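Please read the structure below before turning to the comments.
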Ligand SMILES: Nc1nc2c(ncn2[C@@H]2O[C@H](COP(=O)(O)OP(=O)(O)O)[C@@H](O)[C@H]2O)c(=O)[nH]1
Ligand code: SF4
């Protein structure tokens, strides 16, 4: 049987899920009746956000000119945080549908992912969707696609996924334009792990694309990178439900079930082969997912630490790219330092935690991973600001830089350029996508992007600007760790790393805010921002001078006692920084307002 | 030698009350800062009120002799002398005063006159507390008080003649008040024949006209520094005038402290009658309904006028006694509390007491805990620590 492996590259809401549904329906893989809306996006949360987070693969059968084809549609995550997973999915395909909304046109993500597909040497099939829309502007969009992606206008397939227009054409194009996979069924087994998920009854389900050789039910396999060996208990394909079979051979896509108890033991990008010396070579391009964004998560006042630990543990079973370890903060108590692939990944994990457990969370300001070369010439990897050594011990302070592609309507170009410059961006290019829109390319510190760049781009373009970014590497910068001190004691949870030139402005804003949140004590409380031992901003909470109820007779005793007791209860729940008692609410208000003054 | 545990661990027995408070809700009008249980312009309820009070007193079943009796309000002297006489008779029937007992009545300078004073004297009243608040015209107007300086002076002099033992209340830190104005109020007070002085910083209470006006920006509360200055000045002026401070807000000539109020701070039990009045007996603190009309209706229906009732355990009592007792300038005897309650605050509140000492708010000498000069201005912090 002939095989075609392909994926769909699209910006959020351009219709990827709808098109996938139509393809399943048109090929008879599911009947209309079975078709639930958005079959591929099966996680409620993902549907809420309109983001396909985890790749899935569906296998369809389709008759074309008397021949039966196996069409494997591999779903790719749409967001930059999952770039590595995207690249592994692309490595399993020979072709990609580049889907663009006939009204919205080309967006930043489309461009970034299209380039990634080209790098993997996939055949690109440009598709314009939603041609049924009354406001569709297919010709302009075709022009944009030509400009930005180099698509020839006459090769663009025009469809309406919703109305089912052009689907047959599209399938024909897939069969004709996507090359059949290479590889030999007789060669040693070599298969790529491109995804995995967890089934409560069966354990890990490993998604593979067989590059060479054949894998059979009951055989022993070896994960070459992880070095572990397992027996294949069940295998098969998703059509779209799990359908078992006895073998998969070069070119095919399917799943393996091997009695693996944790997703931590299945590494995306790993190579499946046979044990022993006849094993194939590992496939190239393997890397461990890198956590780029870290933050502290703490249970809010009075909540249980162990509940949070259990909730995080449960989550990480399904999401091995998320990691966490216990952390103790003077200010916030017991909690966890958590690592994420990116900002969106962090938001998703948080939302899941809130959906799936009752834990109320306090989150510290997110930070990126820094590299520091110390005076002894050693390179340290830093996941939290508190770990940054004192200024005197730092030889070089490096931060991750990302290349941002920002697509904006022309009238907002000026605003976005200004924003990028303020965020220490260096312009790498500017391209007009068509008469109305342009793409700006900037190299910007990731820290600035996660700080608020994304939100700011949205707000300064009335929501029309889209941002995508990819890692470029680490660069030295004039960075400092800014600490917040309360009567000379450092408040661990409030330390941040920032550019030296921003430190004073941010420090001032934080101490000002914190001052208003700290109750007066019997002594003066100094709230300071400092770099090393140098204080850059200071506010003082003056001492209580008068605190006495004038009238206190028989009838006042109960009321007064209750009032004082309530205050005392509130105090018990406060955290002590030195001898200063500060409510968690105070820390939270500083964390949530960020450093905007 | 030391007493053994078994000797000290006896079941608590609550002392029986030797004090009574009676609340009379009638006033000529309601002052803007007042949140007491008050009926302004409803003198028509005077008789029904007396009936209600009679019913409530009758629940005593038999007359109870008390050492201190305090008639507060409201304005107990607002109603006509004849009515006052009926009230005093009612109290004499149910709450006879012990020999050398203290019998206090509150009055306003605008209401008090010779006939009323004569009635009070005849009934055995030996202490009067006048709601002077100020002698300054502007301040009296802002406070919505309806007397003037001359009336206040006359009231004090006549009361002194009739009863010989006069206390006055003065408010400070009123809106727009200056330190100089306050000094003048105190200077006048010092010239008058008073034996006792109570001074209160004006407070803005929820539900009062002042509260609302302050929220809308129409009234400015005195700033904290000025209020503190005024308070400290009152303490100096009191001392200079021979009125020694014996509680946060109270000053007296030797032997003229209000025994009734001392009982509250010492955690002694008392009877309470009338709307909004609190009583404390047998480990129960009960407060009557604050609405005078509801109070009257309930009593006349023969149903309990209490609105709230709180059980005070012996342990609670120990902490309250410390927290409120420490307001007395002489301090509080922690050993006496331990003997009555078996709670030794020196152990159970050792950390809190140590903190207060470190901040210089209290002195602890043996079993005696006393506010320092610095602690007096922040006594609530100390009270909270002891609770
Ligand atoms: N009018 C029209 N709407 C479409 C078409 N395809 C998808 N949509 C709508 O566009 C929205 C986003 O589609 P979806 O498939 O969820 O996009 P995804 O985020 O790329 O998976 C949904 O409201 C769809 O109903 C189309 O061809 N025509
Ligand atoms: S006279 Fe006294 S009790 Fe009556 S309303 Fe004024 S402040 Fe209140």
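Residue numbers (the numbering used here), protein chains in the order written: chain A, 273 to 869; chain B, 14 to 400. In this text, a Cβ means the ideal position worked out from N, Cα and C, and glycines have one as well. Nothing here was measured: the structure is a model prediction, and the numbers come from that model.
With contact defined as three or more Cβ pairs closer than 8 Å, the segment 47 to 61 of chain B and the segment 139 to 155 of chain B are not in contact.
In terms of Cα proximity to residue 399 of chain B, the closest of B:378, B:368 and B:163 is B:368. Taken in chain order, the complete beta strand (DSSP E) segments of 3 residues or longer contained in the segment 19 to 69 of chain B are 32 to 37. Burial check for residue 334 of chain A: the Cβ neighbour count within 10 Å reaches 16 or more, so the residue is buried. Note on geometry: alpha-carbon atoms of residue 354 of chain B and residue 838 of chain A lie some 24 Å from one another.
For residue 577 of chain A, no beta strand (DSSP E) segment is defined; the enclosing uninterrupted segment is the alpha helix (DSSP H) at 577 to 590. Contact between the segment 514 to 530 of chain A and the segment 436 to 451 of chain A is absent: fewer than three C-beta pairs spanning the two stretches fall below 8 Å. Residue pairing for residue 274 of chain A: DSSP places it in a beta bridge opposite A:341. Looking at the DSSP output, residue 283 of chain B sits in a beta bridge with B:293. Per DSSP, reduced to three states, the secondary structure at residue 376 of chain A is coil, with no helix or strand assignment. Against residue 823 of chain A, the close residues of chain B are 213 and 262, in the order they occur along the chain (beta-carbon pairs closer than 7 Å). Along the length of the segment 752 to 793 of chain A, whole beta strand (DSSP E) runs at least 3 residues long occupy 768 to 771, reported in chain order. As the crow flies, the alpha-carbon of residue 158 of chain B is around 9 Å from that of residue 121 of chain B. Not one heavy atom of ligand 2 lies closer than 7 Å to the C-beta of residue 118 of chain B. Ranking A:825, A:809, A:650 and A:425 by CA distance to the CA of residue 281 of chain B puts A:825 first. Residue 365 of chain A places its beta carbon less than 8 Å from that of residue 277 of chain A. For residue 826 of chain A, at least one C-beta of chain B is nearer than 8 Å to its own C-beta. Listed in chain order, the beta strand (DSSP E) elements of length 3 or more contained wholly in the segment 597 to 658 of chain A are 605 to 612, 633 to 635, 642 to 646 and 651 to 654. Put simply, the backbone Cα of residue 292 of chain A is about 33 Å away from that of residue 498 of chain A.
Here the distance from the Cβ of residue 824 of chain A to the nearest heavy atom of ligand 2 is not below 7 Å. Taking every residue with its beta carbon within less than 6 Å of a heavy atom belonging to ligand 2 gives, in chain order, B:40, B:43, B:44, B:47, B:49, B:51, B:86, B:87, B:88, B:121 and B:144. In terms of side-chain proximity, the C-beta atom of residue 761 of chain A is found no nearer than 7 Å to any non-hydrogen atom of ligand 1. At least 8 Å separates the beta-carbon of residue 822 of chain A from that of residue 803 of chain A.
A distance criterion of 7 Å places the beta-carbon of residue 289 of chain A in contact range of ligand 1, judged by its closest non-hydrogen atom. Looking from the CA of residue 123 of chain B, the closest CA among B:300, B:137, B:77 and B:171 belongs to B:171. Excluding residues up to 5 positions away in sequence, 443, 444 and 447 lie with their Cβ nearer than 8 Å to the Cβ of residue 336 of chain A in the same chain.
With 16 or more neighbouring CB atoms inside 10 Å of its own CB, residue 393 of chain B falls in the buried class. Within the segment 461 to 504 of chain A, complete beta strand (DSSP E) segments of at least 3 residues are found at 462 to 471, 475 to 484, 486 to 488, 492 to 495 and 500 to 503, given in chain order. Taking 8 Å as the upper bound for CB-CB distance, residue 192 of chain B and residue 256 of chain B are not in contact here, some 19 Å apart. Using a 10 angstroms sphere on the CB of residue 212 of chain B, the tally of other CB atoms reaches 16 or more, which defines it as buried. Within chain A, the residues placing a beta-carbon under 8 Å from that of residue 393 of chain B are 819, 820, 821 and 836, ordered along the chain. Shown in chain order are the members of the segment 792 to 804 of chain A whose Cβ falls below 8 Å from a Cβ of chain B: 794 and 795.
According to the DSSP assignment, residue 228 of chain B belongs to the alpha helix (DSSP H) that extends over 222 to 228.
For the segment 471 to 487 of chain A, no residue has a beta-carbon sitting nearer than 8 Å to a beta-carbon of chain B. Nearest neighbour of residue 357 of chain A by Cα position, chosen from A:844, A:560, A:749 and A:381, turns out to be A:560. At least one heavy atom of ligand 1 lies less than 7 Å from the C-beta of residue 433 of chain A.
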